[in-house]
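What follows is a single structure, written as structure tokens, with notes after it.
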Amino acid sequence: MNQFATLFPALVFLIVFFSSGKDFVLATQALMIVMTGQVIYEKISKGKVNTKLFYAWVALILLGSLTVLFRDPIFLQWKFSIINWIFAAIIIGNHLLKRPPLMKYIMGSADNAFKGMTDKNWTFVSLLWGYVFLFQGTINLYFIFYTSLTTWVNFKFFGILAINLITALIMVIYLSQQGKVDFEEKT
Numbered sequence: 016m017n018q019f020a021t022l023f024p025a026l027v028f029l030i031v032f033f034s035s036g037k038d039f040v041l042a043t044q045a046l047m048i049v050m051t052g053q054v055i056y057e058k059i060s061k062g063k064v065n066t067k068l069f070y071a072w073v074a075l076i077l078l079g080s081l082t083v084l085f086r087d088p089i090f091l092q093w094k095f096s097i098i099n100w101i102f103a104a105i106i107i108g109n110h111l112l113k114r115p116p117l118m119k120y121i122m123g124s125a126d127n128a129f130k131g132m133t134d135k136n137w138t139f140v141s142l143l144w145g146y147v148f149l150f151q152g153t154i155n156l157y158f159i160f161y162t163s164l165t166t167w168v169n170f171k172f173f174g175i176l177a178i179n180l181i182t183a184l185i186m187v188i189y190l191s192q193q194g195k196v197d198f199e200e201k202t
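Here the sequence shown is numbered in our numbering, starting from 16 and rising by one per residue.
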């Protein structure tokens, strides 16, 4: 369900963009409404808002508002790079400062599936995602400046989804080879 909640705003954006004759401003407004709804729902149902969702929402409201105000997609297009670079800087910076692997705290409580992982395993996972975030933020610039808006929208949804799935697969293969992940179904 959490994966769907993460993809839902992007899916709404995609549907509105293509069904409205590629109206980026209208799609941006729809995205802002949906993510605001998610933030409100999380606050009411859970008492707090997921940190990643909150910061993504703040960036969306700021840059999305500029996109709508100036009727220019560049502001929203840059949001993706900025958010990913911030995540990369936090994860990689945490490693460079020789602090415990950050992904250990982010993923460590996932149904005990990752019990028994060493700091070396967590460091690999942290750096894998840190460099993927750095790559995604950077490759986004190529699609902003060297492709059409439609190509960027397709890349943003389908390309990033593919990159994230491949990264997750690499992580799972690595951890399963290390014997550090438990995929047994709990009954």
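In this text, a Cβ means the ideal position worked out from N, Cα and C, and glycines have one as well.
_Taking a contact to mean a Cβ-Cβ separation below 9 angstroms, would you say Ile106 touches Phe139 in this structure?_
For the purposes of this step, residue 106 is taken as the residue at position 91 of the sequence shown. For the purposes of this step, residue 139 is taken as the residue at position 124 of the sequence shown. For Ile106 and Phe139, no; Cβs fall outside 9 angstroms.
*Is the beta carbon of Trp93 less than 9 angstroms from the beta carbon of Ile178?*
Position 78 of the sequence shown, counted from the start, is the residue given in the question as residue 93. Position 163 of the sequence shown, counted from the start, is the residue given in the question as residue 178. No, they are not a contact pair.
*Helix, strand or coil: which one does DSSP assign to Asn65?*
As a first step, residue 65 must be located in the sequence shown, where it is residue number 50. Coil at Asn65, not helix or strand.
*Between Leu156, Leu143, Asn169, which lies nearest to Ile188 when the distance is taken from Cα to Cα?*
By 1-based counting over the sequence shown, the position of residue 188 is 173. Nearest C-alpha to Ile188 among Leu156, Leu143, Asn169: Leu143.
_Under 8 angstroms, with one C-beta from each stretch per pair, do the stretch 29–45 and the stretch 58–70 reach the 3-pair mark?_
The stretch 29–45 makes no contact with the stretch 58–70; the number of CB pairs closer than 8 angstroms stays below 3.
_Backbone CA spacing between Thr166 and Ile76 [nearest angstrom]_ = Reading the sequence shown from its first residue, position 151 is the one you call residue 166. Reading the sequence shown from its first residue, position 61 is the one you call residue 76. The straight-line gap separating the alpha-carbon atoms of Thr166 and Ile76 is approximately 23 angstroms.
*Helix, strand or coil for Gly36 per DSSP?*
Position 21 of the sequence shown holds residue 36. Gly36 falls in the coil class under three-state DSSP.
*Could you tell me which of Phe150, Ile59, Val31 sits nearest to Ile48, measuring between CA atoms?*
Position 33 of the sequence shown, counted from the start, is the residue given in the question as residue 48. Of Phe150, Ile59, Val31, the residue nearest in Cα terms is Val31.
*Just reading off the alpha helix (DSSP H) that Gln193 is part of, what are its end residues?*
Walking along the sequence shown from the start, residue 193 turns up at place 178. Unbroken run through Gln193: none, as it is neither H nor E.
*Tell me whether the beta-carbon of Phe28 lies closer than 9 angstroms to the beta-carbon of Thr43.*
Looking up residue 28 in the sequence shown gives position 13. Looking up residue 43 in the sequence shown gives position 28. It is a contact, given that the beta carbons lie within the stated cut-off.
*Could you tell me whether the Cβ atoms of Ser96 and Asn155 are closer together than 9 angstroms?*
The residue labelled residue 96 in the question sits at position 81 within the sequence shown. The residue labelled residue 155 in the question sits at position 140 within the sequence shown. Taking 9 angstroms as the Cβ cut-off, Ser96 and Asn155 qualify as a contacting pair.
*Reducing DSSP to helix, strand and coil, say where Leu112 ends up.*
Looking up residue 112 in the sequence shown gives position 97. Reduced to three states, the DSSP call for Leu112 is coil.
*If you scan the stretch 94–173 from start to end, which runs of the alpha helix (DSSP H) of 4 or more residues do you find wholly inside it?*
Within the stretch 94–173, the runs of alpha helix (DSSP H) at least 4 residues long that lie entirely inside it are, in chain order, 117–122, 134–161, 164–169.
*asked:* My assumption, with CB atoms under 8 angstroms, is that Asn99 sits in contact with Gly152. Please give the rounded CB distance.
replied: Residue numbering aside, residue 99 sits at position 84 when the sequence shown is read from its first letter. Residue numbering aside, residue 152 sits at position 137 when the sequence shown is read from its first letter. Between Gly152 and Asn99 the Cβ distance is about 3 angstroms, and since that is below 8 angstroms, they are a contact.
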